[in-house]
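Quick note, the sequences are listed as chains A and B, same order.
All letters in the first sequence, in the order written, are residues 771 to 1075 by the numbering used here.
All letters in the second sequence, in the order written, are residues 169 to 448 by the numbering used here.
Okay, structure first, notes after.
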Amino acid sequence: MDYILTARSLGKRYKNFKALNDFSIHVPQGAIYGFVGKNGAGKTTFIRLVCGLQEPSVGSYAIYGTENNDPGISRCRRRMGAVVETPSIYQDMTAEENLKEQYRIIGLPSFDSIPELLRLVGLENTGKKKAKHFSLGMKQRLGIAIALAGNPDFLILDEPVNGLDPQGIIEVRELILKLNREKGITFLISSHILDELSRLATHYGFIDSGHMVKEMSAAELDAACRKCIRVQVSDVRVLSRVLDEMNLEYSILSDTMADIFARINVSQLALALADQGCDIISLDEREESLESYYVNLIGGGNRNE
Amino acid sequence: MSRLLSADFAKLRKHKFFWFCMIGMFLFGIFMAAMDYISTLQYGDYEAQLTNVLFIYTLAVSILIPAFVSLFVGTEYSDGTIRNKMIIGHTRTSIYLSNLIVCSAAGLGLCISYMIGAFAVALPLYTIDPGILPGAAILVLCSFLMSIAFTALCTITAMLCQNKALTAVINILAACCLLVISIYIMSRLRQPEMYSGYTLNTETGEVEVSEDIPNPDYLRGTEREIYQFFNDFLPTGQAVNITSQIELSQSPGLLAAYSAGIIIVSTGVGMFVFRKNDIK
């Protein structure tokens, strides 16, 4: 698999506080990578390092395979865009003027593609309205437009839906999906709004206390969070035999416990087990959300950061 | 860096405070030249000299440059736009130098704006002695270097402090303090070495003549050298000196050398620290 961004044993220390500690990440090309962690977990610190705003204390990261201490990293950064925390826009300029300024910074010879970019983010009708008078959603979309100015193929968005109203959240989500599908842009999206992230992400990375706890694909997460019936029986071998006869998908968890991934007729199952001398001790329906998966993974919210 | 310069100059062209200062300096130049001319008409004991009013801008830019640099560079932090430059791979050295060059150009613009205003009044009204022009041109060049040195000092604070309001407070306060210090230094250096003696007609009709009395406040030896050094070295000291046409300064060349030193050292130190700075 081709990775756009990787990190190895990355660390960042602010005086006595370790914001990142032995951190690693693998962002595959073409993915929408959901970077999940609570406030203060180290998400923004990592993004600042990748964007070149800060230097790591230890370890290294690579963008498009180029290490951070390689002089060629500046050239690699031209292929990426980012919105870190708040959108970086000149408040006293219009959307068009902001984009012109970014085009000059990048060194693009022509402003011809600005109207198309404004249309893409839905800001084509803002005219002479200055950015300071924009709604939060409009500012966020302008920030994304600026990040898109150099036609990047990797975009980093730090908490892109923070503070947005439901309409704004939908607009930003649709824009991200559109850019990923139509332009093949890889996204790294940090968020702690897990429900929103679960509608977008193709891959996940869970960070806690500056350390990557787990990385997985959306398919793996779906499997882990799949709706199932957890059944506890006196003899799991009998259960296994009965479920095979019924042609149902299941997974054995212990000598007495199994998860059944199908809708079952409980009476039929109970009778079939009783015929072979196996008792049902308990039976409950389970569905793990991304949120509960995350809480189980991180271990609740009582850790010291 | 040409891309950054192009972007920063485009931003300067739209900067309202810059144009407000430019117009203000132009009107200030007209006002000072006109007032000087009117006072010569009223009192008539001397001829209006262009050099009396030509260099007053050095004092004005000592306050305007800190304010402008703080706002211009501070906006990069308050709006977060400095991140856009770093994210797409511009080096910190380029970002620092680009801001310094644009702010220096703006500072020179303010000086020139004043001069255009002053010349607009002086050319038709004043008698300009061509003999003074070479000396005046040298002082103008010194003032330009002083303006860039002052900008370089303000740029350090603006680039290293990520709080726009705090930057403005530090820069303007520092400029005011330096200006007061420089005026104090100049007043100490101006102290006469001796108070001249007096002549007194006594009641008996005799004329009593006292000898000159030494001034206890007159600076001597090392102390005078230290005062003289700061008078020449500090950009505000140079501003005060240039306004009074280097009355107490050693030479324009020395002022220019000090300014060049300030520009090189402050830019070197500023860039070194900025490269290590964590940007939020």
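C-beta: ideal position from N, C-alpha, C; glycine also.
Remember, predicted model here, so these are calculated numbers, not experimental data.
Can you tell me whether B:ARG181 is buried or exposed, with buried defined as 16 or more other CB within 10 angstroms of its CB?
In the second sequence, counting from the first residue as 1, residue 181 of chain B sits at position 13. The Cβ neighbour count for B:ARG181, taken over all protein chains shown within 10 Å, is under 16; the residue is labelled exposed.
Between B:ALA336 and B:SER378, what straight-line distance do the alpha-carbon atoms span, to the nearest angstrom?
By one-based count along the second sequence, residue 336 of chain B stands at place 168. By one-based count along the second sequence, residue 378 of chain B stands at place 210. Spanning the two alpha carbons is a distance of roughly 54 Å.
DSSP beta-bridge partners for A:VAL828?
Walking along the first sequence from the start, residue 828 of chain A turns up at place 58. Paired residues: A:GLY781.
Measure the alpha-carbon distance for A:ILE876 versus B:ILE256 and round it to whole angstroms.
Here residue 876 of chain A refers to the residue found at position 106 of the first sequence. Here residue 256 of chain B refers to the residue found at position 88 of the second sequence. C-alpha separation (whole angstroms): 7 Å.
Cross-chain neighbours of A:GLY851 in chain B, by beta carbon under 8 Å
Translated into positions along the first sequence, residue 851 of chain A becomes position 81. Under the 8 Å cutoff, chain B gives ILE255 and ILE256.
Which full runs of the beta strand (DSSP E) of 3+ residues lie inside the stretch 999 to 1054 of chain A, going along the chain?
1020 to 1022 and 1027 to 1030
Does B:ASP400 get closer than 7 Å to chain A when you measure Cβ to Cβ?
Taking the first residue of the second sequence as 1, we reach residue 400 of chain B at position 232. Chain A, which has no Cβ nearer than 7 Å to the Cβ of B:ASP400, makes this no.
Rounded separation between A:PRO1052 and A:ASN1035 - CA only:
Counting from one through the first sequence, the residue named residue 1052 of chain A turns up at place 282. Counting from one through the first sequence, the residue named residue 1035 of chain A turns up at place 265. It should be pointed out that residue 1052 of chain A corresponds to Ser in this sequence rather than to Pro. Computed Cα separation, rounded: 15 Å.
Taking A:GLY781 as the reference, give the member of A:GLN799, A:GLY812, A:VAL797 and A:PHE805 with the closest Cα.
Here residue 781 of chain A corresponds to residue number 11 of the first sequence, with the count starting at 1. It is A:GLY812 whose Cα lies nearest to the Cα of A:GLY781.
Residues near A:LYS902 by beta carbon distance below 7 Å, same chain, minus five either side:
Here residue 902 of chain A corresponds to residue number 132 of the first sequence, with the count starting at 1. Cβ neighbours of A:LYS902 beyond the five flanking positions: GLN861 and ASP862.
Do the CB positions of B:CYS189 and B:LEU239 come within less than 7 Å of each other?
For the purposes of this step, residue 189 of chain B is taken as residue 21 along the second sequence, with counting starting at 1. For the purposes of this step, residue 239 of chain B is taken as residue 71 along the second sequence, with counting starting at 1. No. Outside cutoff.
Please name the residue, chosen from A:HIS962, A:SER961 and A:GLU866, that lies closest to A:LYS899 on a Cα-to-Cα basis.
Sequence index remark: in the first sequence, residue 899 of chain A carries index 129 (1-based). Nearest of A:HIS962, A:SER961 and A:GLU866 to A:LYS899, Cα basis: A:GLU866.
For the alpha helix (DSSP H) containing B:ILE280, name the first residue and the last one.
As a first step, residue 280 of chain B must be located in the second sequence, where it is residue number 112. Taken as a continuous stretch (DSSP letters only), the alpha helix (DSSP H) holding B:ILE280 covers 260 to 293.
Against chain B, does A:ILE774 count as a neighbour if the rule is that its beta carbon must be under 7 Å from one of theirs?
By one-based count along the first sequence, residue 774 of chain A stands at place 4. In terms of beta-carbon proximity, A:ILE774 stays away from the interface with chain B, with every pair separated by 7 Å or more.
What does A:LEU722 pair with, by DSSP beta-bridge criteria?
The first residue shown for chain A is 771 and the last is 1075, placing residue 722 of chain A beyond what the model contains.
Excluding five sequence neighbours on each side, which residues of the same chain lie with their C-beta closer than 7 Å to the C-beta of B:ILE353?
As a first step, residue 353 of chain B must be located in the second sequence, where it is residue number 185. These residues qualify, in order along the chain: TYR395, PHE398, ASN399 and GLY405.
Are there 16 or more other CB atoms within 10 angstroms of the CB of A:ALA919, so buried, or fewer, so exposed?
Residue mapping note: residue 919 of chain A aligns to position 149 of the first sequence, counting from 1. By the neighbour-count rule (16 or more Cβ atoms within 10 Å), A:ALA919 is buried.
Flag A:TYR834 as yes if its beta-carbon sits less than 7 Å from any beta-carbon of chain B, otherwise no.
Position 64 of the first sequence, counted from the start, is the residue given in the question as residue 834 of chain A. Among the CB atoms of chain B, none fall inside 7 Å of the CB of A:TYR834.
Under 7 Å, do A:LYS788 and A:HIS962 count as touching if we go by C-beta distance?
Taking the first residue of the first sequence as 1, we reach residue 788 of chain A at position 18. Taking the first residue of the first sequence as 1, we reach residue 962 of chain A at position 192. No.
When B:LEU172, B:LEU218, B:ALA235 and B:ASN409 are compared against B:LEU287, the one with the closest alpha-carbon:
Against the second sequence, residue 287 of chain B aligns to sequence position 119. Note that residue 287 of chain B corresponds to Phe in the displayed sequence, not to Leu. Measuring from the Cα of B:PHE287, the nearest candidate turns out to be B:LEU218.
Alpha helix (DSSP H) segment containing A:GLY975, residue limits
Here residue 975 of chain A refers to the residue found at position 205 of the first sequence. Taken as a continuous stretch (DSSP letters only), A:GLY975 belongs to no alpha helix (DSSP H), being part of the beta strand (DSSP E) at 973 to 978.
Alpha carbon to alpha carbon, how far is A:VAL891 from A:ALA801?
Within the first sequence, numbered from 1, the residue matching residue 891 of chain A stands at position 121. Within the first sequence, numbered from 1, the residue matching residue 801 of chain A stands at position 31. A:VAL891 and A:ALA801: Cα-Cα distance of roughly 20 Å.
Nearest-angstrom Cα separation, counted from A:SER779 out to A:ALA1032
In the first sequence, the residue the question calls residue 1032 of chain A occupies position 262. In the first sequence, the residue the question calls residue 779 of chain A occupies position 9. Computed Cα separation, rounded: 42 Å.
Of all the residues that make up the stretch 815 to 831 of chain A, which are near chain B by a beta-carbon distance shorter than 7 Å?
Those residues of the stretch 815 to 831 of chain A that come within reach of chain B (Cβ to Cβ, closer than 7 Å) are CYS821, GLY822, LEU823 and GLN824.
I'd like to check one pair, A:PHE793 with A:MET986: are the Cβ atoms closer than 7 Å?
As a position in the first sequence, residue 986 of chain A is number 216, starting the count at 1. As a position in the first sequence, residue 793 of chain A is number 23, starting the count at 1. Not in contact: A:MET986 and A:PHE793 (Cβ atoms no closer than 7 Å).
Can you list the residues of chain C that A:SER844 reaches, using a CB-CB cut of under 7 Å?
Here the protein chains are A and B, and chain C is not one of them.
In chain B, which residues lie with their C-beta within 8 Å of the C-beta of A:TYR860?
Stepping through the first sequence from its first residue, residue 860 of chain A is reached at position 90. Result: LYS179, THR243, ASP247 and THR249.
Could you pull the DSSP bridge partners for A:TYR773 from this structure?
As a first step, residue 773 of chain A must be located in the first sequence, where it is residue number 3. Note: A:TYR773 is bridge-paired with A:PRO798 in the DSSP secondary-structure output.
I want to verify the contact list: residues of chain A whose CB lies under 8 Å from the CB of B:ASN331, in sequence order.
If you number the second sequence from 1, residue 331 of chain B lands on position 163. Here the premise fails: no neighbours, minimum Cβ distance about 15 Å.
Cβ neighbours of A:ASN838 in the same chain (closer than 6 Å, five flanking residues each side left out):
Locating residue 838 of chain A in the first sequence gives position 68, counting from the first residue. Correct list, in chain order: SER830 and TYR831.
Rounded to the nearest angstrom, what separates A:ASN921 and B:MET439 at their Cα positions?
Along the first sequence, one-based indexing puts residue 921 of chain A at 151. Along the second sequence, one-based indexing puts residue 439 of chain B at 271. Going from the Cα of A:ASN921 to the Cα of B:MET439 covers about 30 Å.
DSSP beta-bridge partners of B:PRO382
Your numbering for residue 382 of chain B matches position 214 in the second sequence. Its beta-bridge partners are B:MET362.
Cutting at 6 Å between CB atoms, please list the residues of its own chain near B:VAL260, excluding the five before and the five after it.
For the purposes of this step, residue 260 of chain B is identified with residue 92 of the second sequence, where counting begins at 1. In the sequence as presented, Val is not what sits at residue 260 of chain B; that position holds Arg. The answer, listed in chain order, is PHE442 and ARG443.
Using 7 Å as the threshold, is the C-beta distance between B:MET254 and A:LEU819 below it?
Position 86 of the second sequence, counting from 1, holds the residue named residue 254 of chain B. Position 49 of the first sequence, counting from 1, holds the residue named residue 819 of chain A. No. Outside cutoff.
Return helix, strand or coil for A:THR864, following the three-state DSSP convention.
By 1-based counting over the first sequence, the position of residue 864 of chain A is 94. Here A:THR864 sits in strand by DSSP.
Does B:VAL433 pass the burial test, meaning 16 or more other C-beta atoms within 10 Å, or should it be called exposed?
As a first step, residue 433 of chain B is located in the second sequence; it is residue number 265 there, counting from the start. Looking at its Cβ environment, which holds fewer than 16 other Cβ atoms inside 10 Å, B:VAL433 is exposed.
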